[in-house]
Amino acid sequence: MDKSEFGFYAEKYKDTVYRVALNFMGSAQDAEDAVQETLLKLYLSRERFEGEEHVKRWMIRVALNFCKNAARAAKRRVPTPPEELALSVPFEAEEQIALFTAVMSLPDKYRVPLYLFYYEEYSVREIARLLEISESAVTTRLQRARMRLKNELVEERL
Numbered sequence: 003m004d005k006s007e008f009g010f011y012a013e014k015y016k017d018t019v020y021r022v023a024l025n026f027m028g029s030a031q032d033a034e035d036a037v038q039e040t041l042l043k044l045y046l047s048r049e050r051f052e053g054e055e056h057v058k059r060w061m062i063r064v065a066l067n068f069c070k071n072a073a074r075a076a077k078r079r080v081p082t083p084p085e086e087l088a089l090s091v092p093f094e095a096e097e098q099i100a101l102f103t104a105v106m107s108l109p110d111k112y113r114v115p116l117y118l119f120y121y122e123e124y125s126v127r128e129i130a131r132l133l134e135i136s137e138s139a140v141t142t143r144l145q146r147a148r149m150r151l152k153n154e155l156v157e158e159r160l
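Just so we're aligned, residue 3 is where the sequence shown starts under the numbering used here, counting upward by one.
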């Protein structure tokens, strides 16, 4: 991969990688580390990519692997509270902040598939490959995440 290709992909997908890592790690600092590691691996990669979507999937997979390893190695640092994370992301409406806070308060196993499905628009099959779990596990996690979000947001309105 030449420098111009690297620059193009780095600029295009660094925010996506950051958001995926933030959803997994729950910490802005850890997410930034994941982005740096992913971009370094992309720069050093000898992989032959079939197109932009292949590069994007590869970068997300590398970031998720980094997050898993970092979580195991550090035995999970205390994550940043969702309310504080909401301050680091620009939102236009109060409802968006409430939804973001509710999503970020979900356990990792529900939060990451939910993010990949709704925000990155991956199919259940693609999420299963990225997370290295079965398609039925992805479907179950999405269903449980939706149920938890619904309950939390309804309680918040009461």
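All residues carry an ideal CB built from backbone N, CA and C; glycine is no exception.
One thing to note: L44 has its Cβ within 9 Å of the Cβ of Y11.
Taken through DSSP and simplified to helix, strand or coil, M3 comes out as coil.
In the three-state DSSP reduction, F51 falls in the coil class, being neither helix nor strand. In the three-state reduction of the DSSP assignment, G9 falls in the helix class, which pools H, G and I. In chain order, A104 place their CB closer than 6 Å to the CB of L151, counting only its own chain and leaving out the 5 sequence neighbours on each side. Three or more Cβ pairs closer than 8 Å define a contact, and the segment 99 to 117 falls short of that threshold against the segment 12 to 19. Under the DSSP assignment, I129 falls in the alpha helix (DSSP H) whose first and last residues are V126 to L133. The alpha-carbon of V19 is positioned some 31 Å away from that of V156.
For a cut-off of 8 Å, the C-beta gap from L132 to R63 is around 6 Å, short enough to register as a contact. Taking L41 as reference, the option from I135, F68 and S138 with the minimal CA-CA separation is F68. Around K111, the same chain offers R143 as residues with beta carbons nearer than 7 Å, after the five sequence neighbours per side are excluded. Judged by DSSP in its simplified three-state form, E158 adopts helix.
Bounds of any alpha helix (DSSP H) do not take in A95, whose DSSP letter is neither H nor E.
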